[in-house]
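Heads up: the structure comes next, in structure tokens.
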Amino acid sequence: MLLTVTLNANVDSTYRVDGLEVGRVNRPSEAHVGAGGKGINVARVYRTLGGDPLAIGLLGGHSGAFIARSLAAEGIRGRFVRVGGESRTCIALIDSISGEQTEINASGPLVVERDLTRLTALLKRHSAGCRVIALCGSLPPGVDAGYYGELIGIARKLGVRVALDASGEALRQGSAARPWMIKPNIHELGQLTGEETQSEAEVVESARRLLGNGTEVVAVTCGEAECVLVTREGTWVARPPYVTVVSTVGSGDSFLAGLLFGWLRGRTPGESLQLAMGAGAANAARYGAGFCAEDEISSLAAQTVVRSV
Ligand SMILES: Nc1ncnc2c1ncn2[C@@H]1O[C@H](COP(=O)(O)OP(=O)(O)OP(=O)(O)O)[C@@H](O)[C@H]1O
Ligand SMILES: [Mg+2]
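First residue of the sequence shown? That's 865 in our numbering, and the numbers climb one at a time after it.
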């Protein structure tokens, strides 16, 4: 089973605007509102692929109740700690004319020590029978950047592997706790290594340096450009299949879901990467984060060429 953790869940609103005008009233030609947050998106795509994930995390207020209800309606299992304040709203404005994507992401409710104590207990309780825990996304106000590292230490003691998808200081401190897998995008890789990588060879080298002391898999995504997967056994590079892009919000989460699903089903790293690329691309072709269909994922995965380097 896959357990996903979302500390900063959100109401995810995607609006298509045909020519965004700043300082004016804009009326969307299409709107999509649903439960969001990186771990929740991962769980959604993992379930679409045929898995039965459990999403845990923190929820607050009316937005939190909406998120819980939406997940239940989608058939995604969830267990959440209720916090004071409101879960945040994230708005993506997709300009269909310029192709630009503008995001407005609130910071989230203030979390107190007691909330985290309860979340840690929830994670321990649901770790039994769980093969991977995915720690995903930003930390809401009040959560120390070392919290992911703490959870990684707990998971290690329980014998459960952790996949980490975060950014900034949470990623830096989380990576230092040596999770089994890290999935940075190219900018997050730069935050981790302190240097901007340009060429494929540089990305491979930076990713390989992150391996060891418990970290066995590093996947570096780069939007529509090639993605790199490294393990102790080898290095794989894949070019995303072509899609007409609608919104790439959640493509990284969809990618992670595909990679974990393939891996946990015993597929080879190359095959798992192919599925991940299919999921990331299928997400980019749809509004909303992680609302892609299984047949689209499979057909785009089949169009993805993976090479071992
Ligand atoms: N324009 C695109 N066309 C095809 N596939 C894409 C495109 N953008 C993203 N993808 C797929 O999704 C994967 C992840 O994308 P990206 O590197 O943008 O993730 P990310 O920055 O972590 O995204 P997020 O954190 O918003 O979910 C890529 O490796 C690729 O497989
Ligand atoms: Mg990401």
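We put the CB at the ideal spot given by N, CA and C, even for glycine.
- Task: Helix, strand or coil for Y879, going by three-state DSSP, please let me know.
- Result: Position 15 of the sequence shown holds residue 879. Of the three classes helix, strand and coil, the one that applies to Y879 here is strand, per DSSP.
- Using 7 Å as the cut-off, classify the Cβ of G928 as near or not near the heavy atoms of ligand 2, replying yes or no. As a first step, residue 928 is located in the sequence shown; it is residue number 64 there, counting from the start. Answer for G928: no, Cβ out of range of ligand 2.
- Query: Under 7 Å from any heavy atom of ligand 2, does the C-beta of N872 make it?
  - Reply: Here residue 872 refers to the residue found at position 8 of the sequence shown. Incorrect: N872 has no Cβ contact closer than 7 Å to ligand 2.
- So which residues put a beta carbon under 6 Å from any heavy atom of ligand 1, going in chain order? N1049, T1085, C1086, G1087, E1088, C1091, P1104, V1107, V1109, T1112, V1113, G1114, S1115, G1116, D1117, F1119, M1141, G1144, A1145 and A1148
- Length-filtered (4 minimum) alpha helix (DSSP H) runs lying within the region 873-946: Along the region 873-946, the alpha helix (DSSP H) occurs as fully enclosed runs of 4 or more residues at 902-912 and 925-938, listed in sequence order.
- Message: Quick check on this structure: which residue in C954, A936 and E1066 has the alpha carbon closest to the alpha carbon of Q965?
- Response: What you label residue 965 is simply residue 101 of the sequence shown in a count that begins at 1. The candidate whose alpha carbon is nearest that of Q965 is C954.
- N- and C-terminal bounds of the beta strand (DSSP E) containing V1026: Within the sequence shown, numbered from 1, the residue matching residue 1026 stands at position 162. In the DSSP assignment, V1026 falls within the beta strand (DSSP E) that extends over R1025 to D1029.
- Message: Applying the 10 Å Cβ sphere with the 16-neighbour rule, what's the burial state of N1049?
- Response: On the sequence shown, position 185 is the one that residue 1049 refers to. Buried, since its Cβ has 16 or more Cβ neighbours within 10 Å.
- State the beta-bridge partners of V1173 as determined by DSSP. Position 309 of the sequence shown holds residue 1173. For V1173, which the question treats as bridged, DSSP gives no partner whatsoever.
- Query: Applying the criterion that 16 or more other CB atoms from any shown protein chain within 10 Å of the CB defines a buried residue, is Y1011 buried or exposed?
  - Reply: Start at 1 with the first residue of the sequence shown, and residue 1011 comes out as number 147. Answer is buried; the Cβ neighbour count reaches 16.
- Helix, strand or coil at E1088 according to DSSP, with G and I counted as helix: Mapped onto the sequence shown, residue 1088 falls at position 224. Three-state DSSP puts E1088 in coil, outside helix and strand.
- Task: Please work out which residues of its chain come closer than 6 Å, Cβ to Cβ, to V1170, disregarding the five sequence neighbours upstream and downstream, and give them in chain order.
- Result: Indexing the sequence shown from 1 puts residue 1170 at position 306. Contacts found: W1100, A1102, G1134, L1137 and Q1138.
- Item | DSSP three-state assignment for G1114, whether helix, strand or coil | Here residue 1114 corresponds to residue number 250 of the sequence shown, with the count starting at 1. It is coil, neither helix nor strand.
- Task: Return yes when at least one heavy atom of ligand 2 lies under 7 Å from the C-beta of D1029, else no.
- Result: Within the sequence shown, the letter at position 165 stands for residue 1029. Relative to the non-hydrogen atoms of ligand 2, the Cβ of D1029 comes within a distance shorter than 7 Å of at least one.
- Query: With 16 as the cutoff for other CB atoms within 10 Å, does G948 come out buried or exposed?
  - Reply: Translated into positions along the sequence shown, residue 948 becomes position 84. Exposed: under 16 other Cβ atoms inside 10 Å.
- Query: Over what stretch of residues does the beta strand (DSSP E) that includes V1101 continue unbroken?
  - Reply: The residue given as residue 1101 occupies position 237 in the sequence shown. T1099 to R1103 is the span of the beta strand (DSSP E), which, as asked, contains V1101.
- Query: Any contact of the region 1101-1116 with the region 1082-1090, i.e. 3+ C-beta pairs under 8 Å?
  - Reply: yes
- Give me whichever residues DSSP pairs with A998 in a beta bridge. Taking the first residue of the sequence shown as position 1, residue 998 is located at position 134. According to DSSP, which records beta bridges pairwise, A998 is partnered with T868 and A1027.
- Residue of I1161, G903 and G1032 minimising C-alpha distance to Y1106: Position 242 of the sequence shown, counted from the first residue, corresponds to residue 1106. Here the closest residue by C-alpha is I1161.
- 6 Å CB neighbourhood of V881 in its chain, flanking five on each side removed: Within the sequence shown, residue 881 is the residue found at index 17, counting from 1. N890, P892, L957 and D959.
- Throw me the rounded Cβ distance for the P917 and T868 pair, which I believe falls under 8 Å. Position 53 of the sequence shown, counted from the start, is the residue given in the question as residue 917. Position 4 of the sequence shown, counted from the start, is the residue given in the question as residue 868. Yes, P917 and T868 are in contact; Cβ-Cβ is about 6 Å, under 8 Å.
- Ignore the nearest five residues each way along the sequence and tell me which others in L1120's own chain have a CB closer than 6 Å to its CB. Along the sequence shown, one-based indexing puts residue 1120 at 256. Hits under 6 Å: V906, D1029 and K1047.
- Residue range of the beta strand (DSSP E) that includes R982: Within the sequence shown, numbered from 1, the residue matching residue 982 stands at position 118. From DSSP, R982 is part of no beta strand (DSSP E) but of the alpha helix (DSSP H) over E977 to S991.
- Short CB-CB distance (under 8 Å) between N890 and chain B: Here chain B cannot be found, since the structure has a single protein chain.
- From this set, V1082, G963 and G1142, which residue's C-alpha is nearest L884's C-alpha? Within the sequence shown, numbered from 1, the residue matching residue 884 stands at position 20. Of the candidates V1082, G963 and G1142, the one whose C-alpha sits nearest the C-alpha of L884 is G963.
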